[in-house]
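Asker: Protein chains in written order, with the working numbering: chain W, 1 to 315; chain S, 316 to 668. Every residue, glycine too, gets a C-beta built ideally from N, C-alpha and C.
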Amino acid sequence: MSEVFEVGFIVSLIGATLRVATPLVYATIGELFTERSGVLNLGIEGIMFLGGFTGFAVAFGASEAGIEEYLWVGLLAAMAAGVTMGLLMAFLSVTLGVNQHVSGLGITLLSIGLSLFGNRMVFGQRQVLPTVEPFSQLSPARAIESIEPIFQQYALTYIAFLVLIPLSWWILFRTTFGLQLRAVGENPEAADAAGVSVFRTRYIALSAGGALMAAGGAFLSLAQLGAFSPGIIAGRGWVSIALVIFARWHPVRAMWGALLFGGVFALQLRLQTIGFDLPFELFLALPYLVTIAALAIAGRNANYPGAYLKPYKRE
Amino acid sequence: MRLKVERIPAPAWMRPLIPVGAILLTFLITAVLIVLVDADPLRAYYYFLIDPLSSQSGAIEVLVKATPLLLTGAAVAFAFSGGYWNIGAEGQLYAGATAATAIGLQMHGVSSWIAIPLMIVGGFAAGVVWALAPALMKVKLKIDEVVTTLLLNSVAIFIVSALLNGPWRDPISQWPQSPEIAPSAIFPRLIARSRLHLGFLLAVVTILVLWFVLTRTAFGLRMRATGLGVPAARFAGIRVERTLLTSALVSGGIAGLAGVSEVAGIQYHLIDALSPGYGYTGIIVATLGALSAWGVGLAALFLGLIDTGAQTVSRVLGVPVYLGEVIQATLLLVTLAMMLLQGYRISVRRRGP
Numbered sequence: 001m002s003e004v005f006e007v008g009f010i011v012s013l014i015g016a017t018l019r020v021a022t023p024l025v026y027a028t029i030g031e032l033f034t035e036r037s038g039v040l041n042l043g044i045e046g047i048m049f050l051g052g053f054t055g056f057a058v059a060f061g062a063s064e065a066g067i068e069e070y071l072w073v074g075l076l077a078a079m080a081a082g083v084t085m086g087l088l089m090a091f092l093s094v095t096l097g098v099n100q101h102v103s104g105l106g107i108t109l110l111s112i113g114l115s116l117f118g119n120r121m122v123f124g125q126r127q128v129l130p131t132v133e134p135f136s137q138l139s140p141a142r143a144i145e146s147i148e149p150i151f152q153q154y155a156l157t158y159i160a161f162l163v164l165i166p167l168s169w170w171i172l173f174r175t176t177f178g179l180q181l182r183a184v185g186e187n188p189e190a191a192d193a194a195g196v197s198v199f200r201t202r203y204i205a206l207s208a209g210g211a212l213m214a215a216g217g218a219f220l221s222l223a224q225l226g227a228f229s230p231g232i233i234a235g236r237g238w239v240s241i242a243l244v245i246f247a248r249w250h251p252v253r254a255m256w257g258a259l260l261f262g263g264v265f266a267l268q269l270r271l272q273t274i275g276f277d278l279p280f281e282l283f284l285a286l287p288y289l290v291t292i293a294a295l296a297i298a299g300r301n302a303n304y305p306g307a308y309l310k311p312y313k314r315e
Numbered sequence: 316m317r318l319k320v321e322r323i324p325a326p327a328w329m330r331p332l333i334p335v336g337a338i339l340l341t342f343l344i345t346a347v348l349i350v351l352v353d354a355d356p357l358r359a360y361y362y363f364l365i366d367p368l369s370s371q372s373g374a375i376e377v378l379v380k381a382t383p384l385l386l387t388g389a390a391v392a393f394a395f396s397g398g399y400w401n402i403g404a405e406g407q408l409y410a411g412a413t414a415a416t417a418i419g420l421q422m423h424g425v426s427s428w429i430a431i432p433l434m435i436v437g438g439f440a441a442g443v444v445w446a447l448a449p450a451l452m453k454v455k456l457k458i459d460e461v462v463t464t465l466l467l468n469s470v471a472i473f474i475v476s477a478l479l480n481g482p483w484r485d486p487i488s489q490w491p492q493s494p495e496i497a498p499s500a501i502f503p504r505l506i507a508r509s510r511l512h513l514g515f516l517l518a519v520v521t522i523l524v525l526w527f528v529l530t531r532t533a534f535g536l537r538m539r540a541t542g543l544g545v546p547a548a549r550f551a552g553i554r555v556e557r558t559l560l561t562s563a564l565v566s567g568g569i570a571g572l573a574g575v576s577e578v579a580g581i582q583y584h585l586i587d588a589l590s591p592g593y594g595y596t597g598i599i600v601a602t603l604g605a606l607s608a609w610g611v612g613l614a615a616l617f618l619g620l621i622d623t624g625a626q627t628v629s630r631v632l633g634v635p636v637y638l639g640e641v642i643q644a645t646l647l648l649v650t651l652a653m654m655l656l657q658g659y660r661i662s663v664r665r666r667g668p
């Protein structure tokens with residue numbers, strides 16, 4: 001019990017929190033951009049899965065082919081797969097205007113099916129899981145040993161917190177494109193009348209969102225595991241859906257939400273290893289319950305984007 | 316010559332052609348994957364569509380696979396036709412399965428005539444309870460049900476997992492699975508030496524009730540009116556909130572029955588992999604079946620056929636078994652796209668005045 005209060009425990013807990021939060025930051029920001037344009041993309045769970053698989057499979061192939069930067073090649077391939085699925089979602093929900101929740105779930109089922117099919121096709125049924133040497137961690141604070149575990153992180157974690165979050169805040173609230181994106185999500189008729197292309201903006205949001213979701217999945221296979229397994233995403237896409245609402249569609253609040261989830265997850269993992277006998281699954285259910293409770297409290301005042309779930313038709 | 320597209324409903328005879336066209340287009344698209352693994356698509360589709368039906372055991376297996384899909388499909392169709400977007404059938408299924416297990420474990424020495432009805436009622440009630448919070452939030456607070464029902468799926472699976480790693484962990488094997496339910500709680504077989512069980516009959520009855528309620532009762536009419544448009548329904552004097560609440564809760568109950576049927580008819584104990592996503596496949600079934608009872612029945616049987624065929628194709632031709640899932644998801648997306656055609660009339664016109 002006493003070890004919980006030691007500095008080392010807390011430092012390593014913070015380090016783990018940042019690692020657990022990283023894929024959630026990518027996916028949540030991806031979903032946030034998508035929803036800000038007025039489209040709920042329930043394809044997120046599947047797109048993360050596809051990102052995890054594509055990233056690994058391509059990195060594995062590239063490493064066999066002797067390409068030195070095989071991990072980055074894999075990451076790019078994953079993001080390309082994410083863009084493809086984002087475009088498919090855009091075609092269905094923007095061009096055709098079909099039901100967003102049903103088409104989104106269809107994208108999830110299709111992406112998971114394709115990944116599992118591809119995994120069996122490429123790697124067969126091997127006894128030993130194929131692996132690649134994963135991304136290594138940077139340790140810029142090696143000199144200060146006591147706090148090193150906090151800063152010993154993957155480059156993708158640094159990018160998530162130091163680049164992606166500020167950048168997406170800046171794009172959303174300080175650029176013309178961000179203004180257009182929010183206008184399209186809030187009131188597409190008015191945006192259209194002002195000369196903003198609703199279709200083009202939503203296509204961009206859905207493809208960029210798909211790329212980020214897939215990057216989140218690829219982080220898990222290329223950095224954390226160095227392998228792909230069917231249990232890799234395990235509902236993290238749904239957590240991101242919850243975080244977007246919890247964050248009320250704001251990137252900085254989304255970061256705090258991801259850190260909160262990461263913290264709870266890392267804590268239960270550590271308590272388990274120390275030997276606490278906890279029903280840890282109930283910890284994992286917390287973010288979902290907190291989001292539902294937050295929705296119930298905010299009620300009809302929850303700031304959903306005005307055109308949420310509504311396809312836009314020019315009459 | 317040019318194409319003319321008008322936004323008026325397509326003629327009625329076209330409607331049945333849409334699922335057929337969607338199936339053909341889906342097979343055309345997924346043939347690419349079959350070619351990728353060096354198999355012959357025509358042979359693969361023979362094993363998907365014809366082979367399972369050419370033997371009695373194969374046909375029975377299709378019915379076994381269709382059983383949970385009939386129930387989750389009926390559950391989703393019931394909610395969707397009332398305009399309630401229940402994405403939570405998966406969680407409601409697990410709630411029903413948990414209740415069925417809890418009851419089934421206590422039924423040692425109790426007659427089947429008591430045990431089985433108790434499990435069915437208990438499972439239905441658990442599904443209703445699991446659907447209650449999002450339904451109330453929708454009706455009382457106007458909170459969108461898509462996200463709340465979806466998130467509760469994960470919560471249900473975590474609770475099941477906590478039970479299986481805690482109080483229900485099998486004391487003998489130490490696996491995360493519950494002990495077996497009492498023999499009297501196990502669903503009887505409908506055909507000797509097959510896997511077809513009472514759950515199939517339950518599913519068929521559910522489909523019949525769904526048909527009757529949707530098309531032959533005043534409540535069904537009120538429900539479909541609410542589904543078509545809340546303001547108009549309210550104007551017609553329908554108590555929209557009450558109708559929405561009923562369709563949401565009954566939908567949850569039906570999904571709960573799918574959980575009962577899988578525990579009592581197939582597994583005999585609770586495992587966390589009880590459903591490979593039947594709740595989500597139910598959405599495919601309901602969409603494919605155009606939310607009608609007969610449509611749901613046919614769609615569930617068709618997806619059961621695909622599930623059975625996928626295993627044969629994998630065994631005989633070495634095509635990964637996951638092709639079945641790809642086909643089902645592609646079929647959903649293609650159907651969604653093609654259903655839009657219903658709203659349009661496309662005609663070819665000669666160049667002229």
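(1) Any heavy atom of the ligand SAM closer than 8 Å to the CB of Ser-12 of chain W?
(2) Which residues in the same chain as Leu-467 of chain S place their Cβ atom closer than 6 Å to its Cβ, once the five residues preceding and following it in sequence are excluded?
(3) Helix, strand or coil for His-584 of chain S, going by three-state DSSP, please let me know.
(4) Can you find the residues in the same chain that come closer than 6 Å, C-beta to C-beta, to Tyr-312 of chain W, ignoring five residues on each side of it along the sequence?
(5) CB-CB under 8 Å to His-101 of chain W, same chain, minus the five flanking residues each way: which ones, in chain order?
(6) Do you know whose CA, among S:Met-452, S:Thr-341, S:Ile-333 and S:Val-335, lies nearest Gly-639 of chain S's CA?
(7) Which residues does DSSP list as the beta-bridge partners of Arg-539 of chain S?
(8) Quick check on Thr-291 of chain W - is its C-beta less than 9 Å from some C-beta in chain S?
(9) Along the alpha helix (DSSP H) that carries Thr-341 of chain S, what are the first and last residues, could you check?
(10) Cβ closer than 8 Å: which chain S residues qualify as neighbours of Ala-294 of chain W?
(11) Do Pro-383 of chain S and Ala-573 of chain S come within 9 Å of each other at the CB atom, strictly closer than that value?
(12) Go ahead and label Gly-8 of chain W buried or exposed: buried means 16 or more other beta carbons lie within 10 angstroms of its beta carbon, across all protein chains shown.
(13) Could you tell me which of S:Met-452, S:Ala-410 and S:Thr-530 sits nearest to Ser-576 of chain S, measuring between CA atoms?
(14) Taking contact to mean at least 3 C-beta pairs separated by less than 8 Å, is the stretch 383-392 of chain S in contact with the stretch 599-617 of chain S?
(15) Could you pull the start and end residues of the alpha helix (DSSP H) that Ala-551 of chain S belongs to?
(16) Does the beta carbon of Asn-99 of chain W sit closer than 9 Å to a beta carbon anywhere in chain S?
(17) Please state whether DSSP places His-680 of chain S in a helix, a strand or coil.
(18) Which two residues bound the contiguous alpha helix (DSSP H) that contains Gly-262 of chain W?
(19) Is there a C-beta anywhere in chain W that falls below 9 Å from the one on Thr-541 of chain S?
(20) Run through the stretch 87-142 of chain W for me and flag every whole alpha helix (DSSP H) of 4 or more residues, listed as ranges in chain order.
(21) Can a CB atom of chain S be found closer than 9 Å to the CB of Thr-157 of chain W?
(22) May I ask you to list, following chain order, the residues of the stretch 397-414 of chain S that have a beta carbon less than 8 Å from some beta carbon of chain W?
(23) Rounded C-beta distance between Thr-28 of chain W and Leu-243 of chain W? I'm assuming under 8 Å.
(24) Once the 5 residues before and after Ile-522 of chain S are set aside, which same chain residues still bring their CB inside 7 Å of it?
(25) Output yes if chain S places a C-beta closer than 9 Å to the C-beta of Met-121 of chain W; else output no.
(26) Note the first and the last residue of the continuous alpha helix (DSSP H) segment covering Tyr-304 of chain W.
(27) When we look at the beta-carbon of Val-520 of chain S and count the other beta-carbons within 10 Å, is it buried (16 or more) or exposed?
(28) Measuring only between beta-carbons, confirm whether Pro-449 of chain S sits less than 9 Å from chain C.
(29) Look up Arg-504 of chain S in the DSSP assignment and say whether it is helix, strand or coil.
(30) Just to check my reading of the structure: Thr-541 of chain S and Leu-559 of chain S have Cβ atoms closer than 8 Å, yes? What is that Cβ distance to the nearest angstrom?
(31) Would you please verify whether the beta carbon of Phe-9 of chain W is less than 9 Å from any beta carbon of chain S?
(32) Look up Gln-152 of chain W in the DSSP assignment and give the residues it is bridged to.
(33) The alpha helix (DSSP H) with Gln-492 of chain S in it runs from where to where?
(34) Chain S partners of Ser-103 of chain W, CB-CB under 7 Å?
(35) As a quick exercise: from S:Ala-414, S:Ile-599 and S:Pro-491, pick the residue whose alpha carbon is nearest that of Leu-105 of chain W.
Answerer: Taking the definition as stated:
(1) The ligand SAM is absent from the structure shown, which contains no ligand whatsoever.
(2) In the second sequence, counting from the first residue as 1, residue 467 of chain S sits at position 152. These residues qualify, in order along the chain: Gly-403 and Gly-406.
(3) Walking along the second sequence from the start, residue 584 of chain S turns up at place 269. Note: His-584 of chain S maps to coil in three-state DSSP.
(4) Numbered from its first residue, the first sequence carries residue 312 of chain W at position 312. The residues are Pro-188 and Val-198.
(5) Within the first sequence, residue 101 of chain W is the residue found at index 101, counting from 1. Excluding residues within five positions, the ones whose Cβ falls inside 8 Å are Leu-40, Leu-42 and Leu-309.
(6) Counted from its first residue, the second sequence places residue 639 of chain S at position 324. Among S:Met-452, S:Thr-341, S:Ile-333 and S:Val-335, the Cα nearest to that of Gly-639 of chain S belongs to S:Thr-341.
(7) Within the second sequence, the letter at position 224 stands for residue 539 of chain S. BP columns for Arg-539 of chain S are empty, so no partner.
(8) In the first sequence, counting from the first residue as 1, residue 291 of chain W sits at position 291. So yes, Thr-291 of chain W belongs to the interface.
(9) Numbered from 1 along the second sequence, position 26 holds the residue referred to as residue 341 of chain S. It spans 332-351 - the alpha helix (DSSP H) in which Thr-341 of chain S sits, taken as one unbroken run.
(10) To locate residue 294 of chain W, count along the first sequence from 1; it is residue 294. The contacting residues do not exist; Ala-294 of chain W stays about 11 Å from chain S at best.
(11) Along the second sequence, read from residue 1 onward, the residue named residue 573 of chain S stands at position 258. Along the second sequence, read from residue 1 onward, the residue named residue 383 of chain S stands at position 68. Against a cut-off of 9 Å, the Cβ pair of Pro-383 of chain S and Ala-573 of chain S comes out as a contact.
(12) If you number the first sequence from 1, residue 8 of chain W lands on position 8. Exposed, because fewer than 16 other Cβ atoms sit within 10 Å of the Cβ of Gly-8 of chain W.
(13) Translated into positions along the second sequence, residue 576 of chain S becomes position 261. Of the listed residues, the one whose Cα sits closest to Ser-576 of chain S is S:Ala-410.
(14) yes
(15) The sequence position of residue 551 of chain S within the second sequence is 236, counting from 1. Where Ala-551 of chain S is concerned, there is no enclosing alpha helix (DSSP H), given that its DSSP letter is neither H nor E.
(16) In the first sequence, residue 99 of chain W corresponds to position 99, counting from 1. Yes, Asn-99 of chain W counts as interfacial toward chain S.
(17) Coverage of chain S is limited to positions 316 through 668, which leaves residue 680 of chain S absent and any answer about it impossible.
(18) For the purposes of this step, residue 262 of chain W is identified with residue 262 of the first sequence, where counting begins at 1. Segment 251-274, the alpha helix (DSSP H) holding Gly-262 of chain W.
(19) The residue you call residue 541 of chain S lines up with position 226 of the second sequence. No, Thr-541 of chain S lies away from the interface with chain W (no Cβ there is under 9 Å from its Cβ).
(20) 100-123
(21) Against the first sequence, residue 157 of chain W aligns to sequence position 157. No - not a single Cβ of chain S is within 9 Å of the one on Thr-157 of chain W.
(22) Trp-400 and Ile-402
(23) Counting from 1 along the first sequence, the entry for residue 28 of chain W is found at position 28. Counting from 1 along the first sequence, the entry for residue 243 of chain W is found at position 243. That belief holds up - the Cβ atoms of Thr-28 of chain W and Leu-243 of chain W are roughly 5 Å apart, short of 8 Å.
(24) Numbered from its first residue, the second sequence carries residue 522 of chain S at position 207. For Ile-522 of chain S, where only same-chain residues beyond five positions count, the Cβ hits under 7 Å are Leu-385, Ala-389, Ala-608, Val-611 and Gly-612.
(25) To locate residue 121 of chain W, count along the first sequence from 1; it is residue 121. Yes, contact with chain S.
(26) For the purposes of this step, residue 304 of chain W is identified with residue 304 of the first sequence, where counting begins at 1. Run containing Tyr-304 of chain W: none; DSSP gives neither H nor E here.
(27) Here residue 520 of chain S is taken as the residue at index 205 of the second sequence, counted from 1. Exposed, because fewer than 16 other Cβ atoms sit within 10 Å of the Cβ of Val-520 of chain S.
(28) Among the protein chains of the structure shown, namely W and S, there is no chain C.
(29) Here residue 504 of chain S corresponds to residue number 189 of the second sequence, with the count starting at 1. Note: Arg-504 of chain S maps to strand in three-state DSSP.
(30) If you number the second sequence from 1, residue 541 of chain S lands on position 226. If you number the second sequence from 1, residue 559 of chain S lands on position 244. Going by Cβ atoms, the distance from Thr-541 of chain S to Leu-559 of chain S rounds to 6 Å, so yes, they are a contact pair.
(31) On the first sequence, residue 9 of chain W is found 9 positions in, with the first residue counted as 1. No, Phe-9 of chain W does not count as interfacial toward chain S.
(32) Here residue 152 of chain W is taken as the residue at index 152 of the first sequence, counted from 1. According to DSSP, Gln-152 of chain W bridges with nothing at all.
(33) Counting from 1 along the second sequence, the entry for residue 492 of chain S is found at position 177. Careful: Gln-492 of chain S lies outside any alpha helix (DSSP H) and carries neither H nor E.
(34) Counting from one through the first sequence, the residue named residue 103 of chain W turns up at place 103. Near Ser-103 of chain W (Cβ distances below 7 Å), the residues of chain S are Leu-648 and Leu-651.
(35) Against the first sequence, residue 105 of chain W aligns to sequence position 105. The shortest Cα separation from Leu-105 of chain W among S:Ala-414, S:Ile-599 and S:Pro-491 belongs to S:Ile-599.
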